[in-house]
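J.: Have a look at this one before I ask anything.
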Amino acid sequence: MAMDSGAGGQSHKAHRSRHSGEKVFVYEDLRKHKDRNDCWLLIAGKVYNVTQFLEDHSGGVEVLLAASGKDATDNFEDVGLSDDAREQMQKYYIGEVDATTIPTRRTYKAQTSTVATHQEDPGFLFKIIQFLVPLLILGFTFGLQFLGKKEKTEP
Numbered sequence: 066m067a068m069d070s071g072a073g074g075q076s077h078k079a080h081r082s083r084h085s086g087e088k089v090f091v092y093e094d095l096r097k098h099k100d101r102n103d104c105w106l107l108i109a110g111k112v113y114n115v116t117q118f119l120e121d122h123s124g125g126v127e128v129l130l131a132a133s134g135k136d137a138t139d140n141f142e143d144v145g146l147s148d149d150a151r152e153q154m155q156k157y158y159i160g161e162v163d164a165t166t167i168p169t170r171r172t173y174k175a176q177t178s179t180v181a182t183h184q185e186d187p188g189f190l191f192k193i194i195q196f197l198v199p200l201l202i203l204g205f206t207f208g209l210q211f212l213g214k215k216e217k218t219e220p
């Protein structure tokens, strides 16, 4: 593995690809290049040194800095750049990243609760009705008895 000096004087490890002679970087090295003086982006497995482009970026410096030091493929694809912009990127291309060194993405899956809230549980309404109907019948019965006794006592 050869040592090479990146922009900003930082060193990184790179090795030559067997097929094209291009540099292949380790993902960890990419993470060292994420400031205004030394900014690299990883997009679709390709590494771009965009340090000289930071001030010219129409979206601002902060957008590129926020995407640097990690896989920025999703951020890049979300923007939907023109063909001209994609072509302009090629002058900042410096190599590729070894895909085996890229950390696997962990997707967060929200746990679903097995406890239903009262509004979500249709059985809850049924239980309330089961409780209230007998109470209403009981109340109605006592009401009739009370009225019946009142009528008997009146002259």
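Residue numbers are given in our numbering: position 66 of the sequence shown equals residue 131, and the series is strictly consecutive. Even for Gly, the Cβ is constructed at its ideal location relative to N, Cα and C. Bear in mind that the values here come from a model prediction, so they are computed numbers and not experimental data.
For the stretch 187 to 197 against the stretch 145 to 154, are there 3 or more C-beta pairs whose distance is under 8 Å?
T.: With the cut-off at 8 Å, the stretch 187 to 197 and the stretch 145 to 154 do not touch.
J.: In the DSSP assignment, find the unbroken beta strand (DSSP E) run with Tyr-158 in it and report its ends.
T.: 158 to 162 is the span of the beta strand (DSSP E), which, as asked, contains Tyr-158.
J.: Should Thr-166 be labelled buried (16 or more other beta-carbon atoms within 10 Å of its own) or exposed?
T.: It counts as exposed.
J.: Which whole runs of the beta strand (DSSP E) in the stretch 78 to 132 are 3 residues long or more, in chain order?
T.: For the stretch 78 to 132, whole beta strand (DSSP E) runs of length 3 or above, ordered along the chain, are 88 to 90, 103 to 108 and 111 to 114.
J.: Work out the CA separation of Asp-163 and Ser-123 for me, nearest whole Å.
T.: Near 30 Å, if we compare the C-alpha coordinates of Asp-163 and Ser-123.
J.: So, does the stretch 113 to 127 touch the stretch 88 to 96, judging by three or more C-beta pairs under 8 Å?
T.: The answer is no - the stretch 88 to 96 does not touch the stretch 113 to 127, with fewer than three Cβ pairs under 8 Å.
J.: Where Ser-133 and Gly-188 are concerned, what is the direct C-alpha to C-alpha distance, given to the nearest angstrom?
T.: In a straight line, the C-alpha of Ser-133 is about 52 Å away from that of Gly-188.
J.: Looking only at DSSP bridge pairs, what is Asp-136 linked to?
T.: Paired residues: Leu-107.
J.: Chain D beta carbons: is any one of them nearer than 9 Å to that of Gly-125?
T.: The structure shown contains no chain D; it holds only a single protein chain.
J.: For Ile-193, does the three-state DSSP call read helix, strand or coil?
T.: Three-state DSSP puts Ile-193 in a helix.
J.: What does a CB cutoff of less than 7 Å around Gly-110 pick up in its chain, not counting 5 residues either side in sequence?
T.: Within the same chain, Gly-110 has close Cβ partners Glu-161, Val-162 and Ala-164.
J.: Can you name the start and end residues of the alpha helix (DSSP H) that Gln-153 belongs to?
T.: 148 to 154 is the span of the alpha helix (DSSP H), which, as asked, contains Gln-153.
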